[in-house]
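Report on the following structure.
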Amino acid sequence: MSATQKIAVHSLADLKNTSDDALPNYLHSLKFKQIHTQTDIRLALGYTAVAIAGALFYFDWKFGWEASKPYTLPAVVAYCLLNGAFSYWLWFVEKGVVYEGEGKTGKVRISSSTKKHIPIYECTVTFTPAPYASNPAQTLHIRAPMTRWFTSDGYFIAKPFQQWLASEIPVIGAADPNNVVEEIGRGSAAMDSTKLNLNSDNAVDILQQLKASGAKFASGEAQKRRRWGSLEGWA
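Read in full-length UniProt numbering, the sequence shown has 153 at position 153, and its numbers run on one by one without any break.
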């Protein structure tokens, strides 16, 4: 996939937001289905608080202070409680979640963050390999410089971003083995995702196998290039 949009490379917010937006696009292409439960709860809390404030304002404007006075205190208390619940949900439950979904290889929940003035994309990932009944959830922390998938003039390149996610998160790597690479590998189609028996005990092992497969592929290609270079030199 080629570069599709240009951003200001010195804006950390733009770098992060563009990376966040690319996450669901990539996972949807792997047939992951996004789960909106947490977002729906957050929206319900926010809209209910706004509705209470709006209803109290309308009642006061329509019937006057004396008529609305008995309802003002309960409405203010309810608004404060809902607003507090909204803030708690946003900061302590969602905690920066940018994607939550599930596919054939398991469930995944990804929260992203950055540190001030540092263009490092950090993700806390909670994943559960399928089948869920026999595999507990696992959590890992991954990070990478965003210069890996942004060009110097501000274009986002999807391929290295996808390779990083597939290489670091087992349930994504199992769904997209061709994008699992070593540090300088080129990926491999040698392992078919339909044959991967991913579970909580072997998730990391399978990811290492996929990486090793990518490294062997890259090594073989390098040997071929050296061999052809030698033949061309003799020609």
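Backbone N, C-alpha and C fix where the C-beta goes; we use that ideal spot for every residue, glycine too. As the structure is a prediction and not an experimental result, all values here were calculated from the model.
Environment of arginine 109 [buried if 16+ CB atoms lie within 10 Å]
buried
* **Contact belief for alanine 22 with phenylalanine 150 at Cβ below 8 angstroms, rounded distance in angstroms** => Not confirmed; about 11 angstroms, so no contact.
Suppose the cutoff is 6 angstroms on Cβ atoms and the five residues either side in sequence are ignored; what does the same chain contact list for threonine 139 look like?
Thr126
query: Is there contact here, the stretch 33 to 42 with the stretch 67 to 77, by at least three beta-carbon pairs under 8 angstroms?
result: no
### 7 angstroms Cβ cutoff met for lysine 16 and threonine 114
yes
As a quick exercise: from Leu90, Ile41 and Tyr99, pick the residue whose alpha carbon is nearest that of aspartate 20. Tyr99
*When the Cα atoms are used, what is the spatial distance from lysine 195 to alanine 8?*
Low confidence applies to lysine 195: its pLDDT is 45, below 50, so where it sits in the model is not reliable, and the reading given next is rough at best. Approximately 43 angstroms, taken between the alpha carbons.
Mapping DSSP to helix, strand and coil, what is glutamine 5?
coil
Query - Anticipated Cβ contact below 8 angstroms, isoleucine 41 with tryptophan 89, distance rounded - result: 6 angstroms
Exposure of glycine 185, with buried meaning 16 or more beta-carbon neighbours within 10 Å: Reliability fails at glycine 185, whose pLDDT of 39 lies under 50, so the model's placement of it is uncertain and no value is given.
field: As assigned by DSSP and simplified to three states, the class of glycine 64
entry: coil
- request: Go to proline 145, then tell me how far its beta strand (DSSP E) extends in each direction, as first and last residue.
  value: 138 to 145
### Query
Would DSSP call proline 119 helix, strand or coil?
strand
Mapping DSSP to helix, strand and coil, what is valine 77? helix
Measuring only the C-alpha atoms, how far is aspartate 60 from serine 68?
5 angstroms
| message | So, for aspartate 153: in the same chain, excluding its five sequence neighbours on each side, which residues have a beta-carbon less than 8 angstroms away from its beta-carbon? | response | Lys6 and Val9
Whole-number beta carbon distance between cysteine 123 and serine 111, since they are thought to touch under 8 angstroms: 7 angstroms
**Asked** Taking the C-alpha atoms as reference points, what is the distance between proline 170 and asparagine 25?
**Response** 18 angstroms
### Query
Do you know offhand how far threonine 147's Cα is from glycine 54's?
46 angstroms
Leaving out five residues on either side along the sequence, give the residues of the same chain with a beta carbon under 8 angstroms from the beta carbon of proline 119. Leu12, Leu15, Pro145, Met146 and Thr147
For threonine 18, which residues of its own chain have a beta-carbon under 6 angstroms away from its beta-carbon, when the five flanking residues on both sides are left out?
Ile7 and Phe156
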